[in-house]
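Reviewing the structure listed below.
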Amino acid sequence: MSEHHRGHDDDHGHHHHDNHFNDVEARVKALETVLSEKGLIDLAAIDAIVDTYETKVGPRNGARVVARAWSNADFADWLRRDATAAIASLGFTGRQGEHMRAVFNTPDTHNLIVCTLCSCYPWAVLGLPPVWYKAPPYRSRAVIDPRGVLAEFGLELPVDKKIRVWDSTAELRYLVVPERPDGTEDFSEEALADLVTRDSMIGTGLALSRQAKP
Amino acid sequence: MSTCSTTSPLVASAELPKSADGDPVFAEPWQAAAFAMTVRLHEQGVFSWSEWAEALSAELHKPGRKSDGSDYYDCWVAALSHLVEQLSITSGPELEALVRSWQRAAEGTPHGKPIVLENDPLRRG
Chain A
0 MSEHHRGHDD
10 DHGHHHHDNH
20 FNDVEARVKA
30 LETVLSEKGL
40 IDLAAIDAIV
50 DTYETKVGPR
60 NGARVVARAW
70 SNADFADWLR
80 RDATAAIASL
90 GFTGRQGEHM
100 RAVFNTPDTH
110 NLIVCTLCSC
120 YPWAVLGLPP
130 VWYKAPPYRS
140 RAVIDPRGVL
150 AEFGLELPVD
160 KKIRVWDSTA
170 ELRYLVVPER
180 PDGTEDFSEE
190 ALADLVTRDS
200 MIGTGLALSR
210 QAKP
Chain B
0 MSTCSTTSPL
10 VASAELPKSA
20 DGDPVFAEPW
30 QAAAFAMTVR
40 LHEQGVFSWS
50 EWAEALSAEL
60 HKPGRKSDGS
70 DYYDCWVAAL
80 SHLVEQLSIT
90 SGPELEALVR
100 SWQRAAEGTP
110 HGKPIVLEND
120 PLRRG
């Protein structure tokens, strides 16, 4: 995997799957169409419901993966070698069998995930993507100017810290494992999971410090 | 979701995949959309909790289900389709035509562009 993934073009084979609806996906879209035409649902209300359930639920899965990796060196090693299997061992699997790769932040490297062409996202561990992840400005600028994008998220990294940008595909999704916050040696796995935010697993944030624990 | 929030009784649907906190979990966005549509229809009084429970239960108890429960939301979508047909909100053929239209729209959408129904070539034609 090269460090940067610039120069993707639209005929990139990985993405062919994204513009295909299987039967059940198409059926859900059809139901949405017919129900909104009849005025029985409005998409804003649906989005609000999805948001309520999903933004709170999804990232908790990823947080458990990260917390396990922080507290168990064998699991961290497994996650590094075969993220798909390590994550599946906690019961989180992608329905279409997409592969996962965990990228670990270190004192000298920060990782950031993006999908430049569409919005491939590690659903199984992070739930639904935030709106900005799917928006063209993030998708294009994360690759060209990752430091600038991170600054807009309020994340100012030291100039000598390298930033690696990982471009997701339909088949391969990334999960950022943020650095474990200082002073958390005595934390239980559950307490650690509370420090892991969604953004820290995308790379647009860091894990919360022990003081900031909600 | 905290226990004091006013959530729909749909959350109590049989076998609903849940997190440790008791909240529904979704593997893919279409599952969340199907769930949310159902919650909304119920909230608006389109069907009652017992009507929904019956429709879902019928699907969940059909033979040939996957043993790991990974087809739970497929059953959910089938139940919702049947219920909206039963309530004459749409007809079977109308819904099937839309399903195929969305599939053509997906195939006809350039990569990286949002898939909209207007991209179905038969619809444009």
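Chains as they are written, first to last, in numbering that gives the first Met the number 0: chain A, 0 to 213; chain B, 0 to 124. C-beta atoms are modelled at their ideal positions from N, C-alpha and C, and glycine is treated no differently.
> Does any residue of chain A bring its CB to less than 8 Å from the CB of H81/B?
Replying inline: Locating residue 81/B in the second sequence gives position 82, counting from the first residue. Closer than 8 Å: no.
> Contact between the region 60-76 of chain A and the region 194-202 of chain A: three or more CB pairs below 8 Å?
Replying inline: Contact between the region 60-76 of chain A and the region 194-202 of chain A is present: three or more C-beta pairs spanning the two stretches fall below 8 Å.
> With a cut-off of 8 Å, do at least 3 Cβ pairs link the region 164-174 of chain A to the region 136-145 of chain A?
Replying inline: Yes: at least three Cβ pairs fall under 8 Å.
> Contact check, R209/A vs P180/A under 8 Å by CB: the rounded distance?
Replying inline: Sequence index remark: in the first sequence, residue 209/A carries index 210 (1-based). Sequence index remark: in the first sequence, residue 180/A carries index 181 (1-based). The pair is a contact, with the Cβ atoms about 6 Å apart (cut-off 8 Å).
> Across which residues does DSSP place V164/A in a beta bridge pair?
Replying inline: In the first sequence, the residue the question calls residue 164/A occupies position 165. Note: V164/A sits in a beta bridge opposite L111/A.
>> Given this structure, state the Cα-to-Cα distance separating D9/A from G111/B, to the nearest angstrom.
In response: Within the first sequence, numbered from 1, the residue matching residue 9/A stands at position 10. Within the second sequence, numbered from 1, the residue matching residue 111/B stands at position 112. For D9/A, the pLDDT reaches just 37, beneath the cut-off of 50, and the residue's location in the model is therefore unreliable, leaving the point undetermined.
> Would the region 148-162 of chain A and the region 37-46 of chain A be scored as touching if the rule is three or more Cβ pairs under 8 Å?
Replying inline: Judged by Cβ distances under 8 Å, the region 148-162 of chain A makes no contact with the region 37-46 of chain A, as fewer than three pairs qualify.
> chain B beta carbons: is any one of them nearer than 8 Å to that of I162/A?
Replying inline: Along the first sequence, one-based indexing puts residue 162/A at 163. Closer than 8 Å: no.
>> 8 Å is my cut-off, CB to CB: does F20/A come that close to chain B?
In response: The residue given as residue 20/A occupies position 21 in the first sequence. Closer than 8 Å to some Cβ of chain B, the Cβ of F20/A qualifies, so yes.
> Name the DSSP bridge partner or partners of H98/A?
Replying inline: Here residue 98/A is taken as the residue at index 99 of the first sequence, counted from 1. Per DSSP, L171/A.
> When the cut-off is 8 Å and only beta carbons count, does L78/A lie next to chain B?
Replying inline: On the first sequence, position 79 is the one that residue 78/A refers to. So no, L78/A is outside the interface.
> Between A33/B and V76/B, what straight-line distance do the alpha-carbon atoms span, to the nearest angstrom?
Replying inline: Your numbering for residue 33/B matches position 34 in the second sequence. Your numbering for residue 76/B matches position 77 in the second sequence. One C-alpha to the other measures close to 6 Å.
> Which residues, in order along the region 22-41 of chain A, keep a beta-carbon less than 8 Å from a beta-carbon of chain B?
Replying inline: Answer set for the region 22-41 of chain A: D22, V23, E24, A25, R26, V27, K28, A29, L30, E31, T32, V33, L34, K37, L39, I40.
> From the beta carbon of D73/B, is the nearest beta carbon of chain A less than 8 Å away?
Replying inline: Here the question's residue 73/B lines up with position 74 in the second sequence. Closer than 8 Å: yes.
> Whose C-alpha, out of F186/A, T108/A, N18/A, is nearest the C-alpha of V158/A?
Replying inline: Your numbering for residue 158/A matches position 159 in the first sequence. The residue with the shortest Cα to Cα distance from V158/A is T108/A.
> Where does T105/A fall in DSSP's three states?
Replying inline: Position 106 of the first sequence holds residue 105/A. Reduced to three states, the DSSP call for T105/A is strand.
> From S47/B to Q85/B, what distance separates their C-alpha atoms?
Replying inline: As a working mapping, residue 47/B is identified with position 48 in the second sequence. As a working mapping, residue 85/B is identified with position 86 in the second sequence. It is roughly 13 Å from the alpha-carbon of S47/B to the alpha-carbon of Q85/B.
>> By the DSSP assignment, the alpha helix (DSSP H) with C74/B in it spans what residues?
In response: Within the second sequence, numbered from 1, the residue matching residue 74/B stands at position 75. First-last of the alpha helix (DSSP H) with C74/B: 71-85.
> Going along the chain, which residues of its own chain have a beta-carbon closer than 8 Å to the beta-carbon of R64/B, five neighbours each way excluded?
Replying inline: The count along the second sequence starts at 1 and reaches residue 64/B at position 65. Once the five neighbours on either side are set aside, the close Cβ partners of R64/B are D70, C74.
> Under the three-state reduction of DSSP, which class applies to V158/A: helix, strand or coil?
Replying inline: For this step, residue 158/A is matched to residue 159 along the first sequence. Coil, per DSSP.
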